[in-house]
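Okay, so here's the structure we're looking at.
In the numbering used here, the protein residues as written are 20 to 304.
Here it is as structure tokens:
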């Protein structure tokens, strides 16, 4: 479907606005880096060389893993149109989306922001300017995890420097460090709750969309549960524990098919259907 000039212009404006949260994240990381590494490392090194080197090393490791996870989450294609189904499913008939016309396999949803369908869509996240779906959900979880760890490393590591600033033991102004600590602490607390929420989704085999539509139904059984918490975890992070916290692809699935469990309701419906068919056959005889 061709877009008119007005719709194309509006789309570009939306894409520009979507990039603002990403710039905010980068600005916060730059502020923290300046405060912890550039501003206070020399003073901290004079007091405790080993402690200063250890803190800066840990912070850099966390920051690098955070940035790589963030990059992969932003630029990984999660759209149905960007991937081909496996050979075993090339001849399968998938329903088509009535909005974008793409095939719509199980757990795929149409994103009104991206204007296309997303494989195993979790949600559209403005902080990554992308849809979080099957192919970047691990990177998204790792971005949250390493952001949480980095934030707490920064806050805890900045306390002694901040105290020295207020005591007058440093020539630096305390306001930059104070602002950075308060801002990062507020994000750190929020990120802990966000991380716990997504860890719950991982071990229960759900997406945010599925959780939002089914959490009020006490009788709901997740048909995509892999059979246990670890099995659901492995489906996203893989079985090699050395790769769990690294932003590398570990899932062996494609996002076009998911093994579904058979619930008691399914069995009951199947039994009723089978009984009805036998009754029809007997009546015809």
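Backbone N, C-alpha and C fix where the C-beta goes; we use that ideal spot for every residue, glycine too.
| Check | Outcome |
| --- | --- |
| Bridge partners - residue 149, DSSP secondary structure assignment | 144 |
| Completely contained beta strand (DSSP E) runs for the stretch 92-169, where each covers 3 or more residues | 128-130, 135-137, 142-144 and 149-151 |
| Euclidean distance between Cα positions of residue 85 and residue 142 | 20 Å |
| Short Cβ contact (7 Å threshold) for residue 159 with residue 92 | yes |
| Boundaries (first-last residue) of the alpha helix (DSSP H) holding residue 196 | 193-223 |
| Extent of the continuous alpha helix (DSSP H) to which residue 232 belongs | 227-233 |
| Residue 222 to residue 89 span [Cα, whole Å] | 22 Å |
| Residue 277, enclosing alpha helix (DSSP H) - first and last residue | Note, residue 277: premise wrong, no alpha helix (DSSP H); not H, not E. |
| Check whether residue 242 and residue 161 have beta carbons under 7 Å apart | no |
| DSSP-derived helix/strand/coil call for residue 51 | helix |
| CB contact flag (residue 51, residue 207, <7 Å) | no |
| Beta-carbon proximity of residue 150 to residue 129, cut-off 7 Å | no |
| Pick from 156, 164 and 133 that is closest to residue 213, judged by C-alpha positions | 164 |
| Residue span of the alpha helix (DSSP H) that contains residue 239, given as start and end | Careful: residue 239 lies outside any alpha helix (DSSP H) and carries neither H nor E. |
| Helix, strand or coil at residue 257 [DSSP, three-state] | coil |
| Which of helix, strand or coil DSSP assigns to residue 59 | coil |
| The stretch 53-66 / the stretch 175-182 touching (three or more Cβ pairs under 8 Å) | yes |
| Simplified DSSP state of residue 81, which is helix, strand or coil | helix |
| The stretch 95-102 / the stretch 62-75 touching (three or more Cβ pairs under 8 Å) | no |
| Distance between beta carbons of residue 139 and residue 274, contact taken as under 8 Å | 5 Å |
| Cβ-Cβ distance between residue 224 and residue 244 below 7 Å | yes |
| Cβ-based neighbour list, residue 185, same chain, cut-off 6 Å, excluding 5 preceding and 5 following | 193 |
| Buried versus exposed call for residue 157 [16 or more other C-beta atoms within 10 Å across all chains shown] | buried |
| Alpha-carbon to alpha-carbon, residue 204 and residue 171 | 7 Å |
| Nearest residue (CA-CA) to residue 78, options 54, 240, 216 and 96 | 54 |
| Residue environment, residue 250, which counts as buried when at least 16 other CB atoms sit within 10 Å | exposed |
| Assumed close pair residue 119, residue 127 - CB separation to whole angstroms, cut-off 8 Å | Going by Cβ atoms, the distance from residue 119 to residue 127 rounds to 11 Å, so no, they are not a contact pair. |
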